[in-house]
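Report on the following structure.
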Amino acid sequence: MQRYTHYIDGARSEPASQTWLSSDNPFTGAPWAEIARGNAADVEGAVAAAHRAFTTGAWPALSASARGQLLVRLADRIAEHAPRLAEIEVRDNGKLFAEMHAQLQYVPQWYRYYGGLADKIQGDVIPLDKKGYFNFTRREPLGVVAIITPWNSPLMLLAWKLAPALAAGCTVVIKPSEFTSASTLELVELLADVGFPNGVVNVVTGLGAEVGSPLVGHELVRKVTFTGSDATGRRINEQAARDFKHVALELGGKSPNIIFDDANLDDAVNGAVSGIFAATGQTCIAGSRLLVQAGVHDEVVKRVVELAKMARMGNPMDAGTQVGPITTRPQFEKVLEYISIASGEGAELALGGQAAKRPECGDGWFVEPTIFTGVDNGMRIAQEEVFGPVLSVIRFETEDEAVEIANDVRYGLGAGVWTRDIGRAFRMSERIQAGTVWVNTYRAVSYLSPFGGYKDSGLGRENGIDAIQEYLQTKSVWINTGAATGNPFVLK
Ligand code: NAD
Numbered sequence: 042m043q044r045y046t047h048y049i050d051g052a053r054s055e056p057a058s059q060t061w062l063s064s065d066n067p068f069t070g071a072p073w074a075e076i077a078r079g080n081a082a083d084v085e086g087a088v089a090a091a092h093r094a095f096t097t098g099a100w101p102a103l104s105a106s107a108r109g110q111l112l113v114r115l116a117d118r119i120a121e122h123a124p125r126l127a128e129i130e131v132r133d134n135g136k137l138f139a140e141m142h143a144q145l146q147y148v149p150q151w152y153r154y155y156g157g158l159a160d161k162i163q164g165d166v167i168p169l170d171k172k173g174y175f176n177f178t179r180r181e182p183l184g185v186v187a188i189i190t191p192w193n194s195p196l197m198l199l200a201w202k203l204a205p206a207l208a209a210g211c212t213v214v215i216k217p218s219e220f221t222s223a224s225t226l227e228l229v230e231l232l233a234d235v236g237f238p239n240g241v242v243n244v245v246t247g248l249g250a251e252v253g254s255p256l257v258g259h260e261l262v263r264k265v266t267f268t269g270s271d272a273t274g275r276r277i278n279e280q281a282a283r284d285f286k287h288v289a290l291e292l293g294g295k296s297p298n299i300i301f302d303d304a305n306l307d308d309a310v311n312g313a314v315s316g317i318f319a320a321t322g323q324t325c326i327a328g329s330r331l332l333v334q335a336g337v338h339d340e341v342v343k344r345v346v347e348l349a350k351m352a353r354m355g356n357p358m359d360a361g362t363q364v365g366p367i368t369t370r371p372q373f374e375k376v377l378e379y380i381s382i383a384s385g386e387g388a389e390l391a392l393g394g395q396a397a398k399r400p401e402c403g404d405g406w407f408v409e410p411t412i413f414t415g416v417d418n419g420m421r422i423a424q425e426e427v428f429g430p431v432l433s434v435i436r437f438e439t440e441d442e443a444v445e446i447a448n449d450v451r452y453g454l455g456a457g458v459w460t461r462d463i464g465r466a467f468r469m470s471e472r473i474q475a476g477t478v479w480v481n482t483y484r485a486v487s488y489l490s491p492f493g494g495y496k497d498s499g500l501g502r503e504n505g506i507d508a509i510q511e512y513l514q515t516k517s518v519w520i521n522t523g524a525a526t527g528n529p530f531v532l533k
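Residue numbers for the sequence shown, in the working numbering: 42 to 533.
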């Protein structure tokens, strides 16, 4: 069995506790690797290394262009290793090789884009309203950044944070999910090859309470950027607030995917299925509430059920597989629990509703694609994030009603709108409270386009040109070019 240590100050580092956690393969249900079980002592070592690298040595001395070049070189190395890294992710999280490989081929773009932005960080000269002063701004890196990631798309979600953090000149300590740490540890091995100084990127693995919490609370950490559940996000936000740390949170969702009577139904049905059954529903942007206008409701339900029924389940490494296992056993149990909650609430089961017993699923943690109809938006199945292949279908009559239902949830991450009416497309994109609205498509992301949540779905934005600002702080510099010093007791 493979054993992974922490990665601190450019070297592999055994855990202070000398204890290990097992990393399990969701397709077989069996462990395939061990990862270091970190604690506060390991966090201390990693933060100290990151702080040293931020304040002394080669990293702060690098020009911004040279820093950007390192990121571009890293992008090339990731591209070379994409199939291997994707395979490791599949072994850890059970998502389809096809999906993880496509993600890994796209991930280098984040490093290229933010590498290109590194030497475009500029201050301003301020046109002051006072004579005798010259005032300009500097955009300076925040310092040591803690990056905490979840298990569903480890390297892609890491790229959204790591690329802009490094481009800004910060140093980092990464705490990957205890369920899927291997790919992050493999990725950081590539950093030294391309010439990143030691200590710029560090990884400490282990549990949230034992590694995540001491990391968030460490006095030398200036920013925490987190992707995960809203429950953990709330805890992190509260803890970080004590030391006035900067915080960015990408949390969960209960995204509405809304089909109007005038939609192209072939596309809409495809979009509905892709919104909830792709990635086995384990994506923050899952379109888990399907809102369907009354005129096409029955037809859409029939077609979505037919398409979902045909989804091929099985080994996520096989090219023909469409729905893989649930990543972790606790998550598998949580999904089944939500199915029974929905049935108890009176939702009507139209498909699935149980663990998959198909021979091709072996001992893996598979749940049948599940569809509930007759869902009322007040039910728990419509309000709480399941993070699995469970779709709630809600009927509506009018555009106003669709907006009301769509927004009547505490989350606001994504939303889909299916219509051929251009006016309605604009109206809906304005009225829906979500960080992303897709019209006649679903689950599209890019390094160029801002991503983040409204309401309980998070704080801050990732991706796009502004995301680099999240790792910078502004300094205002005043130079006296000849103003009289004047009365010392009066504001200048
Ligand atoms: P989680 O909140 O359980 O864990 C996320 C990370 O936080 C893990 O690394 C975990 O070890 C760590 N953690 C746990 N407790 C901590 C603590 N007290 N202090 C610091 N760190 C702690 O989430 P998960 O189950 O791994 O991921 C699934 C969730 O992530 C879903 O809710 C999903 O919607 C969300 N998600 C959001 C996005 C987004 O961009 N908005 C993307 C993917 C996933």
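We put the beta carbon where it would ideally sit given N, CA and C, even for glycine.
Less than 7 Å separating the Cβ of residue i from some heavy atom of the ligand NAD?
i: residue 454; result: yes
i: residue 276; result: yes
i: residue 496; result: no
i: residue 56; result: no
i: residue 190; result: yes
i: residue 297; result: no
i: residue 250; result: yes
i: residue 195; result: no
i: residue 291; result: yes
i: residue 257; result: yes
i: residue 216; result: yes
i: residue 228; result: no
i: residue 294; result: yes
i: residue 268; result: yes
i: residue 253; result: yes
i: residue 135; result: no
i: residue 511; result: no
i: residue 199; result: no
i: residue 499; result: yes
i: residue 130; result: no
i: residue 75; result: no
i: residue 219; result: yes
i: residue 428; result: yes
i: residue 211; result: no
Kindly list the residues whose CB is nearer than 8 Å to the CB of residue i, restricted to its own chain and excluding five residues on each side of it in sequence; keep chain order.
i: residue 524; result: 171, 172, 173, 174, 533
i: residue 370; result: 65, 70, 406
i: residue 84; result: 214, 245, 252, 255, 256, 259
With distance defined between alpha-carbon atoms, name the residue in the options nearest to residue i.
i: residue 305; options: 369, 285, 526, 337; result: 337
i: residue 120; options: 146, 370, 99, 281; result: 146
i: residue 503; options: 288, 368, 339; result: 288
i: residue 445; options: 427, 460, 469; result: 469
i: residue 365; options: 407, 474, 128; result: 407
i: residue 430; options: 420, 461, 248, 397; result: 397
i: residue 493; options: 291, 464, 158, 246; result: 291
i: residue 354; options: 410, 335, 518; result: 410
i: residue 127; options: 108, 433, 148, 107; result: 148
i: residue 43; options: 257, 222, 103, 443; result: 222
i: residue 177; options: 518, 529, 527; result: 518
i: residue 521; options: 461, 130, 169; result: 169
i: residue 197; options: 207, 228, 457, 84; result: 228
i: residue 458; options: 156, 311, 284, 158; result: 311
i: residue 132; options: 204, 73, 367; result: 73
i: residue 496; options: 110, 271, 103, 232; result: 271
i: residue 491; options: 110, 483, 381, 509; result: 509
i: residue 418; options: 404, 449, 399, 390; result: 449
i: residue 13; options: 436, 432, 51, 79; result: This structure cannot settle anything about residue 13, because the visible part of the chain is limited to 42 through 533.
i: residue 324; options: 303, 136, 378; result: 136
i: residue 427; options: 436, 277, 452; result: 452
i: residue 388; options: 368, 422, 362; result: 422
i: residue 125; options: 192, 107, 231; result: 231
i: residue 212; options: 98, 276, 315; result: 98
Apart from the five residues on each side of it in sequence, which residues of its chain come closer than 6 Å, Cβ to Cβ, to residue i?
i: residue 259; result: 88
i: residue 100; result: 94, 238, 241
i: residue 439; result: none
i: residue 393; result: 409, 410, 411
i: residue 297; result: 330, 332, 447, 456
i: residue 164; result: 177, 178, 179, 180
Looking at the ligand SAM, does it come within less than 7 Å of residue i, judged from the CB to the closest heavy atom?
i: residue 273; result: As far as ligands go, the structure on display features the ligand NAD and does not contain the ligand SAM.
Less than 7 Å between C-beta atoms, sequence neighbours within five positions excluded: which residues of the same chain meet that for residue i?
i: residue 515; result: 178, 180
Note to self: Quick check for students: name the residue ranges of the beta strand (DSSP E) that lie wholly in the region 403-470, counting only runs of 3 or more.
What the structure shows: 411-414, 431-437, 455-459
Exercise for review: Would you mind listing the beta strand (DSSP E) stretches within the region 169-246 that are 3+ residues and don't spill past its ends, in chain order?
Suggested key: 174-182, 185-189, 212-216, 242-244
| task | Identify every run of the alpha helix (DSSP H) within the region 51-101, keeping only runs that are complete inside it and at least 4 residues long; order them along the chain. | result | 81-96
Item to complete: Any chance you could list the beta strand (DSSP E) runs of at least 3 consecutive residues sitting entirely within the region 319-406, in chain order?
Response: Taking only runs of at least 3 residues, the beta strand (DSSP E) segments lying wholly in the region 319-406 are 330-334, 389-392.
Those runs of the beta strand (DSSP E) which lie wholly inside the region 489-530 and span at least 3 residues | With a minimum length of 3 residues, the continuous beta strand (DSSP E) runs that stay inside the region 489-530 are 513-521.
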